[in-house]
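Single-structure report; data block below.
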Amino acid sequence: MRYNILYNIFSEREVRQMDMTLTAKIKIYPTAEQAEVLKATLSAYRQACNAVSVVIFDTKVLVQAKLHDMTYRLLRSNYALRSQMAQSVIKTVIARYRSLKSNGHEWTLVRFKKLEYDLVWNRDYSLVQGVFSVNTLEGRIKVPFEPKGMEQYFDGSWTFGTAKLVYKHNKFFLHIPMTKTIPTVDEHNIRQVVGVDVGVNFLATAYDSQGKTTFFNGRKIKHMRAKYKRMRKTLQQKGTASARRKLKTIGQRENRWMTDVNHAVTKALVRQYGERTLFVLEDLTGIREKTERVRIHDRYETVSWAFYQFRQLLEYKARLHGSKVMVVAPHYTSLTCPKCGHTEKANRNKRTHTFCCRTCGYTSNDDRIGAMNLQRKGIEYIVEGTTQA
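Take 1 as the starting number for the sequence shown in the UniProt record's numbering and just add one per residue.
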């Protein structure tokens, strides 16, 4: 089971709780007969969405009640949808067009290509003791799913939202958004501060309050990225239709692999340092726009790594475990001596990944230096917060 993160991070000290929404991706296991029913339902739902989309595109009506009058009978008769499914179709298409408008895109016909079905909790679907119950064209059916890892989400503190049933790669998945109000960690209760420098040669370098450094080696990951790069270049040079399809498949595989790596590293960090920990990261937003500072040979491996995803994953895992993440400006974190404070570009040798202070002579790995400086900034934040309180 995998989780996507869909929540907002607030940095203001006065915020004491936050709604966190995780989207669980659960695989379900229908019988052959149930699979045919589900595929027929998803197909009818997609066709109905496209029919309503044409109506909205032509009329520009986005009011639920008006569209109900215009399309409800059509959906029931032409696509054999049940009443609740017809209502869901209308809501799904309206939401897509409103998203189109809010994102500033031109008014264009929205097409639904994927086999997906939106489900309202306790109306269209439910989950009870390893059984997924769902409305279909042929009535309600019950399909087994793997409940392992879901137990904690049925303790009454989580609310389930509108899920999405997806058919992909000949498999069925259920994407369920689950929301819970999580208290934030007060600065007075922070037990330790850990600076985390993220990079390529070391995926993460963590420096804690006891002066211990933990390295997460990234060389194997870098080599794998280079392998994907070579495969991509070869297929791009071919330029055939089959090569383009292969490119898309490789891209999806690489993204899944990258997500798994980030999940593993962030999970290890949270487990190692436990609750009441403040993790301090660099704000690497906009790193893709800074390719001119990276050697062409290393550009792909450097700027395409999912640093922001790493931050998101660490943020939600830390919060669930009673810890906190803060981000700081990345300026000079690898150029400043953590011992004497001297800052100079010549302190760091990027080729050998070493740091040597030109003033006091302190020497170490440059990623470790970055983590040390991030940890220091976290301590300053804690001191400032507790002093003002």
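C-beta atoms are modelled at their ideal positions from N, C-alpha and C, and glycine is treated no differently.
This structure is a prediction, so every number in the text was calculated from the model and none was measured.
Taking all protein chains shown into account, decide if residue i is buried (16 or more other Cβ within 10 angstroms of its Cβ) or exposed.
i	result
D298	Reliability of the predicted coordinates at D298 is poor, the pLDDT of 48 falling under 50, and the value obtained from them is presented with this limitation in mind. Result: exposed.
P338	buried
D197	buried
R46	buried
L278	buried
C49	buried
N347	buried
E282	buried
D366	buried
I296	Because I296 carries a pLDDT of 45, less than 50, the predicted location of this residue cannot be relied on, and no value is offered for it.
R293	Residue placement at R293 cannot be trusted, given a pLDDT of 46 that sits under 50; the coordinates are not used to answer.
Y242	The question names Tyr, but residue 242 is Ser in the sequence shown. By the neighbour-count rule (16 or more Cβ atoms within 10 Å), S242 is not buried but exposed.
N217	exposed
Q252	exposed
R288	Residue placement at R288 is flagged as unreliable, the pLDDT there being 46, under the threshold of 50; a coordinate-derived value is accordingly withheld.
R319	buried
G139	exposed
K317	buried
N103	exposed
V52	buried
Terminal residues of the continuous alpha helix (DSSP H) containing residue i?
i	result
T234	219-238
R123	Run containing R123: none; DSSP gives neither H nor E here.
F310	307-320
T71	64-79
Going by DSSP, what residues sit across from residue i in a beta bridge?
i	result
F160	M178
M326	V280
R348	F355
L165	Y117, L174
M20	K180
S133	S126, K142
I382	DSSP lists no partner for I382.
I28	F145
Of the residues the options, which one's Cα is nearest the Cα of residue i?
i	options	result
G199	Y167, G370, Q375	G370
T184	R232, M18, R253	M18
K164	K27, F355, C356	K27
S43	Y29, L62, V89	V89
K324	K227, I190, I250	I190
F160	P177, T181, K227	P177
I182	N103, E380, M20	M20
Y381	V327, H331, E254	V327
D186	G322, N201, L313, R376	G322
H105	T285, R96, L174	R96
residue 391	A206, S334, L127	Any property of residue 391 remains undetermined from this structure, which presents the chain solely from 1 to 389.
G361	G341, R351, T352	G341
Can you give the beta carbon distance from residue i to residue j, rounded, assuming they're within the 8 Å contact cut?
i	j	result
T41	Y117	6 Å
T354	T363	7 Å
M258	A306	5 Å
T162	V110	In fact, because the Cβ distance is near 18 Å, the residues do not count as touching under 8 Å.
F132	L38	Contact doesn't hold; Cβ gap of about 10 Å is too wide.
G378	V261	So it is not a contact: roughly 25 Å between Cβ atoms.
V265	A226	Incorrect: roughly 19 Å between the Cβ atoms, too far for contact.
Quick check on the DSSP output: the beta strand (DSSP E) that includes residue i runs from which residue to which?
i	result
Q192	192-198
I141	139-144
T92	That residue, T92, is in no beta strand (DSSP E); its alpha helix (DSSP H) goes 83-102.
I56	Where I56 is concerned, there is no enclosing beta strand (DSSP E), although the alpha helix (DSSP H) it sits in stretches over 32-59.
V270	That residue, V270, is in no beta strand (DSSP E); its alpha helix (DSSP H) goes 241-273.
S364	363-365
Y207	202-207
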